[in-house]
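Residues 154 to 699 in the working numbering are what the first sequence lists, from first letter to last. Step one of this worksheet: look at the structure below.
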Amino acid sequence: MKELVKEKVAEVISEVYGDDGVEVLERASFEKPKKKEFGDLATNVAFLLAKVVRQSPGTIAQELVRKLSAFPEFEKVEVAGGGFINFTFSQELFSRILREVVEEKFYICDVGRGKRVLLEYVSANPTGPLHVGHGRGAVVGDVLSRVMKLTGYRVEREFYINDAGRQIYLLGLSIYLRAKELAGKEVEFPEDAYRGDYIVEVARELLKVKPELPELPEDEAVKVAAEFGKELLLKEIQEDLKKLRVEFDSWFSEKSLYERGKVEEVLKLLKEKGLIYEKEGALWLKTTLFGDDKDRVVRRSNGEYTYFASDIAYHWDKIKRGYDRAIDIWGADHHGYIPRVKAAIEALGKSPDWLEVILIQLVKLFKGGQELKMSKRKGDFIPLRWLMEEVGVDAVRFFFLLKRHDTPLDFDIDLALSQKSENPVYYVQYAHARLCSVLDKAREEGFRPSPENLNLLSSPEERELISNCYLLRYELQAVARKREPHRLTYYLIELASSLHRFYNKHRVVNRDERELTEARLYLVEGVRRTLEVGLGILNVSAPRRM
RNA sequence: GGGCCCGUAGCUCAGCUGGAUAGAGCAACGGACUUCUAAUCCGUAGGUCGGAGGUUCGAAUCCUCCCGGGCCCGCCA
154 MKELVKEKVA EVISEVYGDD GVEVLERASF EKPKKKEFGD LATNVAFLLA
204 KVVRQSPGTI AQELVRKLSA FPEFEKVEVA GGGFINFTFS QELFSRILRE
254 VVEEKFYICD VGRGKRVLLE YVSANPTGPL HVGHGRGAVV GDVLSRVMKL
304 TGYRVEREFY INDAGRQIYL LGLSIYLRAK ELAGKEVEFP EDAYRGDYIV
354 EVARELLKVK PELPELPEDE AVKVAAEFGK ELLLKEIQED LKKLRVEFDS
404 WFSEKSLYER GKVEEVLKLL KEKGLIYEKE GALWLKTTLF GDDKDRVVRR
454 SNGEYTYFAS DIAYHWDKIK RGYDRAIDIW GADHHGYIPR VKAAIEALGK
504 SPDWLEVILI QLVKLFKGGQ ELKMSKRKGD FIPLRWLMEE VGVDAVRFFF
554 LLKRHDTPLD FDIDLALSQK SENPVYYVQY AHARLCSVLD KAREEGFRPS
604 PENLNLLSSP EERELISNCY LLRYELQAVA RKREPHRLTY YLIELASSLH
654 RFYNKHRVVN RDERELTEAR LYLVEGVRRT LEVGLGILNV SAPRRM
């Protein structure tokens, strides 16, 4: 409907002010007004036009309104607030919108224009199980990818596996030491080793297939343990993600970058550009030339490459794969890392804006008013799997999207388990179940949804519902453009709320009024469908019965 | 010390490419079930949008400074 109104406004503006006026339309807002007295849609074009044609917003608005009133799609067009133009849609237009909601994929669009986007998320080290923070990033990435696809982007989803470097060595060492311990030997555990109980489990598994491990020379044993642990833990990560209903198109191995010589290759390239120098035995990249605070080491004086080096190679690989844009989703504690990666991208000849980084803030778990603490170092962090089992995947996914990704999230486990309206997941799911129940009941009584008399749906509650359904289209656009998937949960809560409001005020099935009943059933089907689609994008179930 | 993020109702937060009288949920109080799911709805109360300046027709939103909170500043990842 925004498109339709915009079209009519463009027509009128070009008639009155010529093509200069039409340009401001791109910047103008077409929004649902906050107050329902202001009609169904409002625009601020007159304010913007005022600067171009040098007349007062009020005068311009008057002029536009005079012509816009002629269109049959609008019941009323008026000026308010000194220059806003408020549109009240005709009943005929509402009927048209509802038919689209029921019969078409009204929520998809092409604002992405087929742009290719690489979305990288989770990318947890295969050195331990996923914790709840990873889960939040996973859900944000997953839902964002779905929405971007629906809005016309070509999205590929990737998980970067940090299967090289020091943390993998430490993983191997930790498993090896635990295995020795299990074999009854005294061991000393270094400070930076992984201490979680899962390491003992991995060691136990490894001993089953390789009982001689504790007797092997340490170098060899650590290597074996690292390889074994890495694969086992990666498999567990993949299982957790599957359980969380999060998918990827590709799994990119850091180690493969070394094996294919990609790290050396990209450093050579940067060296040829004169951006790498040697100091104190180490190799440095001149990231300060591109806005970083200081230059960064890419190869340490002991000959080992840093994590940054392989990350440069990784992003170089992304660049070469030809994406229009790359989006990385990281934990907020990595924010200090952004300038150097962007610097590297610029050093490689790409605009730093090509890479967008979305930061995911901390998740804190609360139960009985008490915070459940986590700390990865000590190994007593809260595993994502535990949370999924505790509250269910629907609640986990929905709750992770209840706040903007860059604000810390307090996850209330008691609330997630509650089966009352205070729990937003139940609130939305209940709306869907309720509608299914109405449709079933109506069918039993011989009523069918019908688009024959939609003009009967003229109450404020009905008009509001129709327009809220169609809003999904614009919410998805906003989610994609701003990269803010949490908007979708807020939208669904609002839609459910307007449904419950309608339901309490109007009876749907009424034997004495067949035409109205069937029109309302058509509306009910439209709302049900919209809820189903919205929950489907969140990948949260839409139950028929609760 | 430098950088990033945040500060909106008692609590948890939406709203931020400037727009009309700043919203929701929870908590509090008062109502609505012989009728399609009360797992719901309606109403009341609750605010110097951290503070001060600036930009302009208009600022919670943009800019500057200050206050308060979190995170990051390694030849770790």
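C-beta: ideal position from N, C-alpha, C; glycine also. All values reported here derive from a predicted model rather than from experimental measurement.
Suppose the cutoff is 6 Å on Cβ atoms and the five residues either side in sequence are ignored; what does the same chain contact list for residue i look like?
i	result
Asn606	Glu668 and Ala672
Glu538	As written in the sequence, residue 538 is Arg, which differs from the Glu given in the question. Within the same chain, Arg538 has close Cβ partners Asp393.
Ile166	Gly174 and Val175
Gly532	Residue placement at Gly532 is flagged as unreliable, the pLDDT there being 46, under the threshold of 50; the coordinate-derived value follows with that caveat. The answer, listed in chain order, is Arg348 and Gly349.
Gln582	Pro696
Ser182	Asn197
So the candidates are the options; which of them puts its Cα closest to the Cα of residue i?
i	options	result
Asp372	Tyr322, Lys229, Phe183 and Glu256	Tyr322
Asp559	Ile513, Ser603 and Arg654	Ile513
Ile619	Phe552, Gly305, Thr683 and His585	Thr683
Asp506	Lys517, His488, Ala479 and Gly599	Ala479
Ser651	Ala631, Glu678 and Pro613	Pro613
Leu688	Val300, Ile566 and Glu257	Val300
Asp470	Trp437, Ile566, Lys415 and Lys520	Lys415
Arg681	Ile535, Glu575, Val205 and Asp593	Asp593
Leu149	Leu272, Arg357 and Asp172	Outside the modelled stretch of the chain, which goes from 154 to 699, sits residue 149, for which no answer is possible.
Leu410	Ala317, Tyr583 and Glu253	Ala317
Lys185	Asn197, Glu179 and Arg348	Asn197
Lys302	Val544, Val230, Gly267 and Lys426	Gly267
Phe227	Glu257, Lys161, Arg207 and Val177	Lys161
Val308	Phe401, Ala346, Glu433 and Ser504	Phe401
Asp464	Lys258, Leu438, Leu562 and Asp446	Leu438
Ile328	Arg289, Lys383 and Arg449	Lys383
Asp413	Ser454, Ala466, Glu637 and Lys556	Looking at the sequence provided, one finds Arg at residue 413 rather than Asp. Nearest of Ser454, Ala466, Glu637 and Lys556 to Arg413, Cα basis: Ala466.
Leu676	Asn608, Val632, Asp665 and Glu666	Asn608
Ile708	Gly288, Leu326, Gln244 and Ser454	Absent from the structure is residue 708, since the part of the chain shown begins at 154 and ends at 699.
Ala291	Arg664, Phe553 and Gln320	Phe553
Trp483	Ala332, Val494 and Arg452	Val494
Gln726	Lys432, Gly236, Gln320 and Ser611	Lying before the first or after the last residue shown, residue 726 is absent from the chain, which here runs from 154 to 699.
Tyr460	Phe237, Gln320, Lys658 and Tyr170	Gln320
Asp547	Gln523, Val377 and Asn576	Asn576
Lys503	His468, Asn663 and Val510	His468
Please return the same chain residues whose Cβ sits closer than 8 Å to the Cβ of residue i, not counting the five positions on each side in sequence.
i	result
Val686	Tyr260 and Leu625
Glu628	Arg640, Leu641 and Tyr644
Ser571	Tyr579
Gln630	Cys262, Val264 and Thr304
Ile429	Leu420, Leu423, Leu436, Trp437, Leu438, Lys439 and Val451
Ser403	Glu309, Arg310, Glu311 and Phe312
Ile701	Only positions 154 to 699 of the chain appear in this structure, which leaves residue 701 out of reach.
Can the beta-carbon of residue i be found closer than 9 Å to that of residue j?
i	j	result
Lys363	Phe381	yes
Tyr476	Arg269	yes
Ala374	Leu324	no
Tyr313	Phe405	yes
Phe242	Gly211	no
Phe564	Val693	no
Leu360	Leu335	yes
Gly349	Phe534	yes
Ala595	Val661	yes
Val285	Val516	yes
Val254	Cys589	no
Arg616	Phe247	yes
Arg331	Val353	yes
Leu157	Pro604	no
Pro367	Lys338	yes
Val169	Leu201	no
Gly236	Ala199	yes
What residues in its chain sit with their C-beta under 7 Å from that of residue i, if we drop five residues either side in the sequence?
i	result
Met541	Lys396, Leu397 and Val549
His488	Leu512
Asp263	Gly305
Asp567	Lys520 and Gly521
Leu385	Val355 and Glu358
Glu231	Val218 and Asn239
Check whether the region 430-448 and the region 491-507 are in contact - that is, three or more C-beta pairs closer than 8 Å. In short, these stretches touch, since the Cβ pair count reaches three.
Below 8 Å, can you find three or more Cβ-Cβ pairs linking the region 635-647 to the region 211-223? In the pairwise beta carbon analysis, the region 635-647 is classified as not touching the region 211-223: fewer than three pairs are separated by under 8 Å.
Touching or not, the region 268-283 and the region 412-424, by the rule of three or more beta carbon pairs under 8 Å? Cβ pair count under 8 Å is below three, so no.
Quick one: complete beta strand (DSSP E) runs, 3+ long, within the region 306-335? Taken in chain order, the complete beta strand (DSSP E) segments of 3 or more residues contained in the region 306-335 are 307-314.
For a minimum of 4 consecutive residues, which ranges assigned as the alpha helix (DSSP H) are wholly contained in the region 488-532? Positions of the alpha helix (DSSP H) runs, each at least 4 residues long and wholly inside the region 488-532, are given as 491-500 in order along the chain.
Ignoring anything shorter than 4 residues or poking outside the region 208-256, list the alpha helix (DSSP H) runs there in chain order. Fully enclosed alpha helix (DSSP H) runs of 4 or longer: 210-221 and 244-256.
So within the region 531-606, which uninterrupted alpha helix (DSSP H) runs reach at least 4 residues, ignoring any that extend past its ends? Contiguous alpha helix (DSSP H) elements confined to the region 531-606 occur at 537-544, 546-553, 566-570 and 577-597, taking only those with 4 or more residues.
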